[in-house]
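When the letters of the sequence shown are read in order and numbered with our numbering, they come out as residues 1168 to 1447. For glycine and all other residues, C-beta sits at the position ideal for the given N, C-alpha and C.
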Amino acid sequence: MIIIPARLASTRFPRKILADIGGLPMLIKTAQNAMKNDEVCVACDDESVLEVCKLHGVRAVMTSQSHQSGTDRCNEAAQILGLSDDEIIINIQADEPFLESHVIEALQGVMKRGAWMGSCAKRITQAQTLDPNLVKVVLNSANEAIYFSRSIIPYDRDYNLSRGKNAESKSTESSKVESKNAESKKADSSTIDSSAAESIASSAQYLGHLGVYGYSARSLKEFCALPSSTADSPLEHIEKLEQLRAIYHKKPIAMTIVATESVGIDTPEDLERALRLFGA
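Laid out in structure tokens, this is it:
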């Protein structure tokens, strides 16, 4: 079962889930795309969204407006639908209208192997790590998430140290005193060869998180029962990333790395880029 949590309010992009994509509301585009993989249900928080789903023949249920995350909304929908504890649930964000079928299949595979919770990541460039709207993730040797952040992770210390050294060298060329300081820094053991740093940076594996999650109905209930106040789950509230609730409470998130062109849509500018990219 695929559940799409559909919250109408959005701080950065008001009513974005109803934005037009190729003549269809974004939410409906996402739902129809997901139907290629499995049965779909939209978890709404507004009557207008429920009516849009009915108009387009998409199954939907009404959920509370008080949920603090999409996962909590999915859990209520699962209860309304009466899903068994062993049912695998895939949570796709309503702003992922271009998510490919093979991504969903990869996550379903992770969940069928017994993961408590799962999600997906894609390889991104170092330049893309600068975008706070693109969430980064680092993994351990078992391909489980260690941390998710809007900041750059991992931070390439040697590469950035080299860049700082080069910038400093350029700014001190006209001053003898500053030139001497630059020479002194070159001799410091903490610096590295700039060409080596560039090589390390070019081979670094940065991962961007995709807005798709997997759980069993049982583990979904367990996730939503975890303490989630600011005091009990501070990282979730600082980064505004619900998956950090699991990380903070030592729950494993199994990750699979996929090749995808899909882009999440967080701002009007994201939508414009996506429409150009996919010709929608």
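Status (buried if at least 16 other CB within 10 Å, exposed otherwise) for residue i
i: ASN1242; result: buried
i: GLU1263; result: buried
i: MET1278; result: buried
i: ARG1280; result: exposed
i: ARG1240; result: buried
i: GLY1285; result: buried
i: ALA1186; result: buried
i: LEU1374; result: buried
i: ASN1300; result: exposed
i: PRO1181; result: exposed
i: ALA1282; result: buried
i: ILE1405; result: exposed
i: GLU1436; result: exposed
i: GLY1249; result: exposed
Minimum Cβ-Cβ distance from residue i to chain C less than 8 Å
i: ARG1385; result: Although the question refers to chain C, the structure presented lacks it and comprises just one protein chain.
Presumed contact (8 Å Cβ cut-off) between residue i and residue j, rounded CB distance
i: ILE1255; j: GLN1275; result: 7 Å
i: LYS1196; j: GLY1189; result: 7 Å
i: VAL1302; j: VAL1425; result: Between VAL1425 and VAL1302 the Cβ distance is about 15 Å, and since that is not below 8 Å, they are no contact.
i: THR1434; j: ARG1179; result: 5 Å
i: ILE1257; j: ASP1205; result: 7 Å
i: ASP1252; j: ARG1385; result: 4 Å
i: SER1383; j: LEU1266; result: Not confirmed; about 21 Å, so no contact.
i: ILE1169; j: VAL1207; result: 5 Å
i: ALA1261; j: LEU1194; result: 5 Å
Per DSSP, cross-strand counterpart(s) of residue i
i: GLY1315; result: Here residue 1315 is Phe; the residue named in the question, Gly, does not match the sequence. Paired residue(s): VAL1304.
i: ARG1290; result: LEU1374
i: ILE1255; result: SER1383
i: MET1422; result: SER1286
i: ASP1187; result: PRO1192
Range covered by the beta strand (DSSP E) that runs through residue i
i: LEU1377; result: 1373–1383
i: PRO1172; result: 1169–1173
i: ALA1413; result: Run containing ALA1413: none in the beta strand (DSSP E); it sits in the alpha helix (DSSP H), 1411–1415.
i: VAL1228; result: 1227–1229
i: ALA1210; result: 1207–1211
Residue range of the alpha helix (DSSP H) that includes residue i
i: SER1429; result: No alpha helix (DSSP H) contains SER1429, which DSSP labels as neither H nor E.
i: ALA1201; result: 1193–1201
i: ILE1271; result: 1268–1279
i: ASN1242; result: 1237–1248
i: LYS1221; result: 1214–1222
i: PRO1401; result: 1401–1406
May I ask you to verify whether the stretch 1384–1400 touches the stretch 1298–1318, counting CB pairs closer than 8 Å and requiring at least 3?
no
Below 8 Å, how does it come out for the stretch 1380–1398 and the stretch 1433–1443: are there three or more Cβ pairs, yes or no?
Remark: fewer than three beta-carbon pairs, one from each stretch, lie closer than 8 Å, so the stretch 1380–1398 and the stretch 1433–1443 are not flagged as touching.
Are three or more beta carbon pairs between the stretch 1287–1300 and the stretch 1425–1436 nearer than 8 Å?
yes
Are three or more beta carbon pairs between the stretch 1316–1324 and the stretch 1384–1393 nearer than 8 Å?
no
Count the C-beta pairs between the stretch 1225–1235 and the stretch 1292–1301 that are closer than 8 Å, then say yes if the count reaches three, no if not.
no
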